[in-house]
Amino acid sequence: MSFLPFTAPSIDEETISAVTAVLRSGWLTSGPQVQAFEAALSACFGGRPVRAFNSGTATLEVALALCGIGPGDEVVTTPLSWVATANVILRAGARPVFVDVDPLTRNIDLDRIEAALTPRTRALMPVDLAGLPVDRDRLYAIAGRHNLRVIEDAAQSMGANWRGRPIGSFGDLVSISFHANKNMTTGEGGCLVLDDAGEVALAEQHRLQGVLRDTEGGMDVVVPGGKFNLTDLAACIGLGQLKRLEAFNARRKDLARRYLDRLAGIDTAFGCGLPPADFAHGNWHMFQITLPFAQLGFSRGDFIRAMRARDIGVGVHYPAIHLFSAYRRLGFGDGDFPHAERIGGETVTLPLFPAMRDEDVDRVCRAVRDLLEQGIKK
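The sequence shown runs 6 to 383 under the numbering used here.
1) DSSP on L417, reduced to helix/strand/coil?
2) One question on the structure: do I172 and A165 come within less than 8 Å of each other, judged by their Cβ atoms?
3) At a cut of 8 Å, does the segment 63-82 reach the segment 196-212 through at least three beta carbon pairs?
4) Short check: CB of W289 to CB of L213, under 8 Å?
5) Candidates L153, R117 and R141: which alpha carbon is nearest P124's?
6) According to DSSP, is A239 part of a helix, a strand, or is it coil?
7) Is A372 near I309, with beta carbons less than 8 Å apart?
8) Who pairs with V102 in a beta bridge, going by DSSP?
9) Mind checking whether L122 and Y323 have CB atoms under 8 Å apart?
10) When burial is assigned at 16 or more other CB atoms within 10 Å of the CB, is A261 buried or exposed?
11) Between the beta-carbon of L178 and the beta-carbon of D283, is there less than 8 Å?
12) Does the segment 92-102 touch the segment 131-150, meaning 3 or more C-beta pairs lie closer than 8 Å?
13) So who's on the other strand from V155, going by DSSP bridges?
14) Would you mind working out which of Q300, N186, R150 and W87 sits nearest I118, comparing C-alpha positions?
15) Secondary structure at K232, three-state DSSP: helix, strand or coil?
16) Tell me which same chain residues have a C-beta within less than 7 Å of the C-beta of A159, skipping the five on either side of it?
17) For the beta strand (DSSP E) holding F58, just list the boundary residues, first then last.
18) Between the alpha carbons of T352 and T12, how many angstroms are there, rounded?
19) What is the DSSP secondary structure of R168, counted as helix, strand or coil?
20) Let's test the definition: count the other Cβ atoms within 10 Å of the Cβ of V227 and tell me whether it reaches 16, buried, or not, exposed.
21) Helix, strand or coil for G340 per DSSP?
22) Report the three-state DSSP secondary structure of T62 (helix, strand or coil).
23) Could you give the C-beta distance for R29 and I74, rounded to a whole number, given that I count them as a contact under 8 Å?
24) Is the segment 27-45 touching the segment 239-251, taking contact as three or more C-beta pairs under 8 Å?
25) Which whole-angstrom value is the C-beta distance of A135 and P359, which I expect to be below 8 Å?
26) Grab me the residues of L376's own chain with a C-beta within less than 7 Å of its C-beta, minus the 5 sequence neighbours each way, in chain order.
27) So, at 7 Å on beta carbons, what are the nonlocal neighbours of G302 in its own chain, with the 5 sequence-adjacent residues on each side left out?
28) Taking P14 as the reference, give the member of Q210, R257, P108 and A314 with the closest Cα.
29) Could you tell me which of S162, L328 and T83 sits nearest to F183, measuring between CA atoms?
30) Over the uninterrupted alpha helix (DSSP H) stretch that includes L377, give me the two end residues.
31) Can you say whether T83 is buried or exposed, counting buried as having 16 or more other CB atoms within 10 angstroms of its CB?
32) May I have the straight-line CA-CA distance separating P54 from A202, to the nearest angstrom?
33) Could you spell out the range, first to last residue, of the beta strand (DSSP E) harbouring R111?
34) Straight-line CA distance for V88 to Y332?
35) Out of R347, E209, Y264 and M189, which has the shortest C-alpha to C-alpha gap to G243?
36) If I measure Cβ to Cβ from A252 and keep anything under 8 Å in the same chain, skipping five residues before and after, which residues do I get?
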């Protein structure tokens, strides 16, 4: 029996051939492929300006810079995300202000945001966990009442929508990741969707060392930018992936439905948590369940090892950010955000990617049920 990873990219032969052609062209870094990729992404987002970057983390860093966020400022975000969400705030010199998550959606609890605002709050940075969008209507209503910028950490949301409008086609600044485990990939990469045409040129400066060139060969640097540009090789992969995104996401939804069907009842029988069955908005970037390990009598490590012994890979997405040492040093600690702590401590990510077969889902579900019913023999 072959090993089933928790995720794997789907790269077709047409894309591989296109990458080979880019290699032969002699133009490997940012060039015509990046321009074509940005144009194709813009078409997906209703014609809004899009700039491609070498990671979704870079897009968040630049978004914070565009908002002028720095020392003394605060950014409200969730403690349940990949740590990059909070790291970029610290790296800007600002302070992350965490708000606990809704235990059902696992996204930031919009009911708690306004209580966390202070005169130093400059922006809201929500995360669409597993590709399930935060309620954009309520989010922007809060931002509007308090004159706040919104930086959407939509790293996991490519192809998701809010009430029929694609994520990225509206709103303030929208950051999307194309990491290898995302619904579509460029290997490493991301994009920033902008709403203010005046910020596009500044984003480009931040993307590549702050450089401004003129037609006479002169150069100036106005802002100390970074080295965040996407390569043509990566953009070429992205163009191939974008053509298949709709099919990728449709297959993910089919697999998620099968998971929910095959795992029905584990919530009531064992106290497990299943993801929200939202097929209208989400893109099913991940299929995450929660397991009450203390009640079950085994640890998450025991579960991961037992699944691996059955040739099934399991991920962990994500431990609560505020419990990491770098954030404890800021004064955060156990009990601050109980929903995020419980979910972060109980979550396991089961395999979900377009090339999976229906029988792969069945195999995973049989293994999960067996471990829940029989326990883990140590």
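For every residue, glycine included, the Cβ atom is placed at its ideal position computed from N, Cα and C.
Please read all numbers here as calculations on a predicted model, not as lab measurements.
Let me spell this out:
1) Given a span of 6 to 383 for the chain in the structure shown, any question on residue 417 remains unanswerable.
2) yes
3) yes
4) no
5) L153
6) helix
7) no
8) V81
9) no
10) buried
11) no
12) no
13) L129
14) R150
15) strand
16) D133, I172, G173, V179, S180 and I181
17) V55 to F58
18) 16 Å
19) coil
20) exposed
21) coil
22) helix
23) The pair is not a contact, with the Cβ atoms about 43 Å apart (cut-off 8 Å).
24) yes
25) Not quite, the Cβ-Cβ distance comes to about 16 Å (not below 8 Å), so this is no contact.
26) F308 and A311
27) G380
28) R257
29) S162
30) D363 to Q379
31) buried
32) 7 Å
33) Premise fails: R111 is in no beta strand (DSSP E) and is neither H nor E.
34) 10 Å
35) M189
36) P359
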